[in-house]
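The structure under discussion appears below in the form of structure tokens.
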Amino acid sequence: MNDLIEEFVNQRVWAVVGVSTDTRKFGNIIFRDMRGAGYEVYGVHPSGESVAGESIYRSLSELPIRPDVVDVVVPPPVTEQVVRECHELGLGRVWIQPGAASDAAIRYCQENDIKVIAGGPCAMVHKRRWT
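First residue of the sequence shown: 11, per the working numbering; consecutive thereafter.
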């Protein structure tokens, strides 16, 4: 798992699915902190609102660029939809945050050659590596 985490953290373009306007929520914190560490980060939320002055996209397919990693911070049933969209778009790395995972989503990733981190640490645990 450490090699996979290292691979993900070394990717510089991320999408955070489930970014929130609520500054106390992990989707917002991960989005802001990764941007602050110099990552190119795009937020995805069906509302399409802005967060910290940045445009938020309604879906992964609306992003202007293809992210290296998709970070998922949504309820498990939504995660299952997100990993399917990742597969349709050819996105090959998904980090499913604690509370967002489902066995079906993890299995889908494994069956469709999507590298997945799930059932482990929150991306924030590895914040020291974000430089």
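Think of the CB as a built atom: it goes at the ideal place given N, C-alpha and C, for glycine as much as any other residue.
Asked, Found
"Quick one: does the C-beta of Arg42 sit closer than 7 Å to a heavy atom of the ligand MG?", "Looking for the ligand MG in the displayed structure turns up nothing, as the structure carries no ligands at all."
"Consult DSSP for Asp113 and reduce its assignment to one of helix, strand or coil.", "helix"
"Label Thr89 either buried or exposed according to how many other C-beta atoms from any shown protein chain fall within 10 Å of its C-beta, with 16 as the threshold for buried.", "buried"
"Please work out which residues of its chain come closer than 7 Å, Cβ to Cβ, to Leu99, disregarding the five sequence neighbours upstream and downstream, and give them in chain order.", "Leu70 and Ser71"
"Taking the C-alpha atoms as reference points, what is the distance between Ala47 and Glu121?", "33 Å"
"Among all the DSSP beta bridges, which residues are the ones paired with Tyr67?", "Val54"
"From Tyr52 to Tyr118, what distance separates their C-alpha atoms?", "24 Å"
"Using CA coordinates, which residue listed in Ala111, Asp123 and Val54 is at the minimum distance from Pro131?", "Ala111"
"Our contact map puts Val79 next to Gly28 with C-beta atoms below 8 Å; I'd like the distance itself, whole angstroms only.", "About 14 Å separates the two Cβ atoms, so there is no contact after all."
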